[in-house]
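Participant: This is the structure I have questions about; it appears just below.
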Amino acid sequence: MTLRVFITGGSSGIGFELARQYLESGAIVGITSRDASRLDFFGQNWPGRALLLGADVRDMVSMKRAAELFLALHGAPDIVYANAGISIGNLTELEEDIAVFEEILDTNVTGMVRTFQPFLAAMKQRGSGKLVGISSIAGFRGLPGASAYSASKAAAIRYLEGLRAELYGSGIRVITICPGYVATPMTSRNPYPMPFLVPASKAASGIIRSVEMDRLRYTFPWQMKAIGMLLGMLPDRLHSLLFSRAPRKPRMGD
Ligand SMILES: NC(=O)c1ccc[n+]([C@@H]2O[C@H](COP(=O)([O-])OP(=O)(O)OC[C@H]3O[C@@H](n4cnc5c(N)ncnc54)[C@H](OP(=O)(O)O)[C@@H]3O)[C@@H](O)[C@H]2O)c1
């Protein structure tokens with residue numbers, strides 16, 4: 011049986027590599043971008059198996075339309091990836107950054123809900139499938155200058171945990187992915203060293219393997235997983251002292 015996969019944010023970075031690798035392995039893949047023309051590469055190389063969908067995870071109507079098209083053509087997907095996400099620096103003291111805060115939370119958290127929701131009835135009826143959310147090690151502790159991003163990724167971890175318990179016994183697996191630094195357009199502008207940076211192709215192949223193995227949570231690379239776990243144990247006072255000097259994610263327009 012041909013694997014059927016749905017991926018949001020397939021126009022670049024991790025999502026692009028996930029889509030490419032699944033298509034190379036023979037799967038049918040529904041791929042979204044806010045601008046479907048950014049997905050031409052997939053249409054040219056796999057015209058029969060790549061379904062190119064213009065959809066915005068901030069807009070329920072477009073997500074529903076994309077899911078309905080996928081369901082009509084291919085039935086319930088075996089795997090749904092809520093991968094689309096944004097990362098922009100923000101500072102609470104600046105009023106204009108409140109809109110940035112809202113955009114990040116809406117995209118990275120509610121966008122995940124809007125991705126899964128339209129598929130759930132069909133997947134539940136079939137009694138199988140996997141919902142995969144791309145969170146981040148950035149969700150393990152608060153990051154100065156990127157508090158919206160780390161809050162969104164912490165929220166994603168808890169959202170996925172709640173959903174997993176909600177779907178217990180339904181046959182649907184909920185999988186949480188927490189990458190460290192991955193070389194993609196999202197990180198290319200970071201003006202600070204990114205330890206243990208992983209190429210996007212390697213990140214995607216590791217994610218695909220972990221999803222195949224049904225791991226409930228996959229945090230990588232192992233060096234960043236160890237650092238993340240240590241940071242998680244830091245007392246709050248020590249965390250704020252150490253992180254007060256950490257370099258900041260560029261804000262919009264920086
Ligand atoms: N790179 C890292 O180091 C890293 C580490 C941990 C976690 N992550 C997470 O991994 C995921 C992918 O990140 P990436 O590094 O691959 O980033 P990226 O190269 O910037 O790609 C982000 C993707 O998300 C899509 N997207 C953004 N806003 C969207 C929206 N409103 N609706 C639909 N699609 C939207 C973009 O598509 P369009 O612009 O074409 O719509 C693009 O395809 C994100 O959730 C990110 O937070 C990344």
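What the sequence shown shows, in the numbering used here, is residues 11 to 264, in sequence order.
All C-beta atoms, glycine included, are put in the ideal place defined by N, C-alpha and C.
1. Determine which residues share a DSSP beta bridge with N100 and list them.
2. Under the three-state reduction of DSSP, which class applies to V39: helix, strand or coil?
3. Just how far apart, CA to CA, sit K74 and F51?
4. What residue from Y228, R219 and P257 has the CA that sits closest to R199's CA?
5. Using C-beta distances below 8 Å, list every residue in its chain close to G53, excluding the 5 sequence neighbours before and after it, in chain order.
6. Please tell me whether F230 and G242 are closer than 7 Å, where the distance is taken between their beta carbons.
7. I'd like to know whether the C-beta atoms of S22 and P209 end up nearer to each other than 7 Å.
8. Would you mind sorting W56 into buried or exposed? The rule is 16 or more other CB atoms within 10 Å of its CB.
9. From I144, R44, L173 and G172, pick the residue whose C-alpha is nearest to that of S160; which is it?
10. Within the 7 Å Cβ cut-off, does T42 reach chain D?
11. Quick check: the Cα distance between S47 and H84, rounded to an integer number of angstroms?
12. With DSSP collapsed to three states, give me the class of F150.
13. With C-beta atoms as the reference, is L207 less than 7 Å away from Y191?
Facilitator: Quick look at the numbers:
1. A156
2. strand
3. 24 Å
4. P257
5. A60 and L62
6. no
7. no
8. buried
9. I144
10. Within the model displayed, chain D is absent; a lone protein chain is all it includes.
11. 22 Å
12. coil
13. yes
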